[in-house]
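Colleague:
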Amino acid sequence: MTAEKSFSFSSTTISFLGVIAITAFGAAANAGCSGEPQGTGGSGGTGGGSTLCTPDLPSIDQTIFKPSCATSGCHSAVSPAADLDLSGDVATVLINVPSATCQNATRVVPGNPNESLLYQKVQGVQTCGNGMPPSGLLAPEYRACLEGWISSLPLGTGGTGGVGGTGGTGGDGPCEMCGGATCIDLQTDSTHCGSCTNSCGVGQLCTQGTCQCAQTQCGSDCVDTTSNPSHCGTCNNACAPGAACISGACECGSNLTSCGTACVDTQLDSNHCGNCNTACPVGAACTNGVCTCPAGQSDCNGSCVDLSSDPTHCGNCATQCGMGKVCAMGMCSVNCGALTKCGAACVDTMTSADNCGMCGNACPSGASCVGGACACPQGTSNCNGACQNTSSDPSNCGTCGNVCTSGTTCTNGLCECAGGGVLCNGMCVDTNTSNTHCGQCNKACGVGQTCTNGMCNCDGGETACGAACVDTMTDELNCGSCGNACSQGQTCTNGMCSCGTATVSFAGAVQPIFAANCTGFGCHGGAMPAQGLNLSSAAASYTALVNVTTGECSDGRKRVLPGQPAQSYLMDKLLGVDLCFGTKMPKVGTLPAGQIQTISDWICQGAPNN
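In this text, residue positions in the sequence shown follow our numbering: the first is 3, and each later residue adds one.
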């Protein structure tokens with residue numbers, strides 16, 4: 003072999019095998035599964051000596067099922083296609099029995115042919131698998147028999163249940179496969195929770211068929227309310243800018259104080275200067291927790307005014323100039339002299355914060371007028387008419403109008419997470435516990451996993467393999483450890499790949515498959531078998547297969563290497579993979595998955611000559 007190959011019939015079975023695993027009838031590679039009732043002249047009518055069926059089960063069984071479907075390679079007792087054995091009591095495996103491979107389909111629904119997978123397949127209108135028989139539609143009279151029989155079945159009629167499902171009156175519960183090859187537990191499987199199409203979200207677990215949060219459900223999200231700033235403590239309780247969610251409570255970052263619903267810097271905030279309850283006078287700035295009027299102004303009853311020019315506070319806060327007088331140089335006067343008259347004020351437009359450069363041009367709150375131009379104190383910027391410290395203001399961080407998101411604070415002009423969180427996509431998260439940002443931004447845990455200490459861990463003792471949680475003690479694709487896939491035919495038991503305990507008989511189970519599918523049409527039978535591979539008898543087949551080097555490859559590959567299905571070229575030919583020459587076998591159609599599994603199991607068990 004040029005490379006190790008692993009074939010596993012688990013939920014990830016190679017897709018083309020699912021095509022041939024049909025429910026009502028099974029395709030076969032030889033003429034023995036043609037689907038034509040004996041004695042008919044093809045799908046267009048009946049041939050000489052034929053007996054037409056009547057719409058009752060005994061007649062249908064004798065004219066259609068037994069002669070055409072219950073044959074070797076199809077729906078016989080030996081390796082029946084799709085686990086449907088039509089060689090015995092057909093009512094018990096058809097009526098009200100769920101399909102073994104077609105999701106939510108029933109083989110025969112009493113009283114309703116159109117809902118019966120059997121009738122859909124013979125009509126060629128099925129949505130799962132292939133129509134039956136594979137050689138073409140049954141003659142109209144035979145389809146009419148089936149339709150009449152199903153229509154006549156009273157509601158509640160049922161068989162005792164077949165493989166893959168229950169009948170109407172008995173049997174174990176149906177095995178739900180969700181389109182795959184293994185049974186799915188809809189009560190606990192997070193990717194098929196309650197139904198095949200329902201997948202749980204990130205951070206959710208499937209409990210009794212319902213997706214439930216391992217943490218707290220907030221709308222469609224599963225969140226950790228102890229650290230999520232959008233759902234802090236409870237759902238929809240968002241922390242203010244500058245606050246982090248710590249142990250389920252919003253807490254302001256360092257150097258910030260919680261004032262109502264906002265985190266503020268009381269050293270710089272003119273509305274909360276020094277403490278939450280102190281607002282600076284109009285026009286004043288907060289510097290080091292102290293309100294300061296611009297240069298040349300004084301605080302008069304909560305407002306910063308220029309005592310040298312304000313007619314309502316001329317010279318001091320209590321003096322008002324009379325009608326027709328102006329305030330010049332702190333004194334009431336009839337004219338402004340060399341100063342500029344702005345209303346009733348005589349001002350120096352080079353220094354007046356209310357009339358800077360020209361009358362009516364007021365400087366932003368906290369700014370001074372220097373040389374006829376407004377100037378905010380060093381370290382602050384004019385943001386919407388007020389001098390703001392953009393290095394620490396969470397509403398103007400770095401630049402005016404840049405508001406830090408919930409859970410972040412402004413430090414040195416950058417929005418950073420308070421409380422040690424990490425900023426991911428504009429939101430502070432605790433990467434130790436976030437299921438969508440576990441360990442780092444945008445690293446989401448898979449279904450059934452939760453984030454603990456920055457690592458995605460599976461609940462219930464399972465192991466995280468990629469985005470899936472698996473039981474490495476039984477998972478055939480991750481047996482013992484992630485990525486360790488068992489070879490086809492092997493099962494995973496206690497974390498070890500091993501062959502099944504049941505012994506497969508070469509003469510009784512394997513050789514009949516070869517005889518029915520490989521020896522006709524001048525293939526591997528007769529006097530001159532293809533490739534010198536004679537499969538006409540158990541003795542000839544065993545001699546030609548086991549430990550015999552194939553002539554199609556130059557790498558010494560064995561047709562059958564005992565104990566190694568993945569290293570056996572016979573399996574490659576049956577599956578159509580890694581071929582050195584020629585085509586997949588058989589050339590017409592594909593062996594049912596059950597028969598391929600039987601051959602693989604025999605090789606896995608050491609290819610005994612039994």
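Even glycine gets a Cβ: it sits at the ideal position worked out from N, Cα and C.
Remember, it's a predicted structure, so these values are computed and weren't measured experimentally.
Among the candidates Q322, D312, G317 and C371, whose CA atom is the shortest distance from the CA of K343?
Modeller: Of Q322, D312, G317 and C371, the residue nearest in Cα terms is D312.
Colleague: Taking a contact to mean a Cβ-Cβ separation below 9 Å, would you say D301 touches A286 in this structure?
Modeller: For D301 and A286, yes; Cβs fall inside 9 Å.
Colleague: I'd like the span of the alpha helix (DSSP H) that includes I248, first residue to last.
Modeller: That residue, I248, is in no alpha helix (DSSP H); its beta strand (DSSP E) goes A245 to I248.
Colleague: Helix or strand or just coil, what does DSSP make of S45?
Modeller: Low confidence applies here, because S45 scores a pLDDT of 36, under 50, leaving its location unreliable; read the following figure in that light. Reduced to three states, the DSSP call for S45 is coil.
Colleague: Which complete alpha helix (DSSP H) runs does the segment 342-379 hold, if anything under 4 residues is left out?
Modeller: Segments of the alpha helix (DSSP H) lying fully in the segment 342-379: there are none.
Colleague: Please state whether DSSP places E418 in a helix, a strand or coil.
Modeller: Strand at E418.
Colleague: Identify the continuous beta strand (DSSP E) that holds E253 and give its terminal residues.
Modeller: Segment A251 to C254, the beta strand (DSSP E) holding E253.
Colleague: Given N414, which residues of its chain have a CB within under 7 Å of its CB, disregarding the five upstream and five downstream residues?
Modeller: Cβ neighbours of N414 beyond the five flanking positions: S393.
Colleague: How big is the Cα-Cα spacing for N279 and G304?
Modeller: Roughly 14 Å separates the two Cα atoms.
Colleague: Spatial neighbours of G244 within its chain, please: C-beta separation below 8 Å, excluding the five flanking residues on both sides.
Modeller: So the list reads C254, G255, L258, A264, C265, V266, P396, C406, T410, T411, C412 and A420, once near-sequence residues are dropped.
Colleague: Please report the distance separating the alpha-carbon of N519 from that of T465.
Modeller: Whole-angstrom Cα-Cα distance: 42 Å.
Colleague: So if DSSP puts Q206 in a beta bridge, which residue, or which two residues, is it bridged to?
Modeller: Per DSSP, C215.
Colleague: In angstroms with no decimal places, state the Cα-to-Cα distance between R109 and S101.
Modeller: Those two C-alpha atoms are separated by around 6 Å.
Colleague: Among P379, H274 and C252, whose alpha-carbon lies nearest the alpha-carbon of P231?
Modeller: The candidate whose alpha carbon is nearest that of P231 is C252.
Colleague: Does DSSP classify V579 as helix, strand or coil?
Modeller: Residue state, collapsed to three classes: coil.
Colleague: Going straight from the alpha carbon of M457 to that of D432, what length do you get?
Modeller: Near 12 Å, if we compare the C-alpha coordinates of D432 and M457.
Colleague: Can you find the residues in the same chain that come closer than 7 Å, C-beta to C-beta, to S500, ignoring five residues on each side of it along the sequence?
Modeller: Around S500: Q492 and T493.
Colleague: C385 and N398 - do their beta-carbons sit closer together than 9 Å?
Modeller: A contact, by the Cβ cut-off of 9 Å.
Colleague: With respect to the beta strand (DSSP E) encompassing V472, which residues constitute its N-terminal and C-terminal limits?
Modeller: Here the beta strand (DSSP E) through V472 covers A470 to V472.
Colleague: Would you kindly work out how many angstroms separate the C-alpha atoms of R145 and Q125, rounded to a whole number?
Modeller: Whole-angstrom Cα-Cα distance: 8 Å.
Colleague: Secondary structure at P567, three-state DSSP: helix, strand or coil?
Modeller: Reduced to three states, the DSSP call for P567 is helix.
Colleague: Within 10 Å of its beta-carbon, does D87 have 16 or more other beta-carbons around it, so buried, or fewer, so exposed?
Modeller: Buried, because 16 or more other Cβ atoms sit within 10 Å of the Cβ of D87.
Colleague: Based on the DSSP output, what are the partners of K560 in its beta bridges?
Modeller: According to DSSP, which records beta bridges pairwise, K560 is partnered with T551 and S570.
Colleague: Are the CB atoms of Q189 and C213 within a distance shorter than 9 Å?
Modeller: No, the pair does not count as a contact, with Cβ atoms beyond the cut-off.
Colleague: For C265, which three-state DSSP category applies?
Modeller: Note: C265 maps to strand in three-state DSSP.
Colleague: Taking 9 Å as the cut-off, decide whether the C-beta atoms of C361 and G345 are in contact.
Modeller: Cβ distance < 9 Å, so C361 and G345 count as in contact.
Colleague: Thinking C-beta only, is N437 closer than 9 Å to C237?
Modeller: Not in contact: C237 and N437 (Cβ atoms no closer than 9 Å).
Colleague: What's the gap between the Cα of G463 and the Cα of M475?
Modeller: Whole-angstrom Cα-Cα distance: 11 Å.
Colleague: With DSSP as the reference, label T545 as helix, strand or coil.
Modeller: Helix, per DSSP.
Colleague: So S602 is in the alpha helix (DSSP H); what residue range does that whole segment cover?
Modeller: Residues A595 to C606.
Colleague: Assuming L96 is part of the alpha helix (DSSP H), what are its boundary residues?
Modeller: Looking at the DSSP string, the run of the alpha helix (DSSP H) that includes L96 is A93 to L96.
Colleague: Determine the extent of the beta strand (DSSP E) in which L466 is found, giving its start and end residues.
Modeller: Correcting the residue identity first, residue 466 is Ala in this sequence and not Leu. Unbroken beta strand (DSSP E) run through A466: T465 to C467.
Colleague: Could you pull out every unbroken alpha helix (DSSP H) segment of at least 4 residues lying fully inside the segment 83-156, listed in chain order?
Modeller: If we require 4 residues or more, the alpha helix (DSSP H) runs fully inside the segment 83-156 come out as 93-96, 119-125 and 142-154.
Colleague: Considering only residues of the same chain and omitting the five flanking positions on each side of M498, which have a CB-CB separation below 8 Å?
Modeller: Answer for M498: C481 and G482, listed in chain order.
Colleague: So T353 packs on G298, CB below 8 Å; how close in whole Å?
Modeller: Their Cβ separation, rounded to whole angstroms, is 6 Å, which keeps T353 and G298 in contact under 8 Å.
Colleague: Note down the Cα distance separating I598 from F516, rounded to an integer number of angstroms.
Modeller: The alpha-carbon atoms of I598 and F516 are separated by roughly 11 Å.
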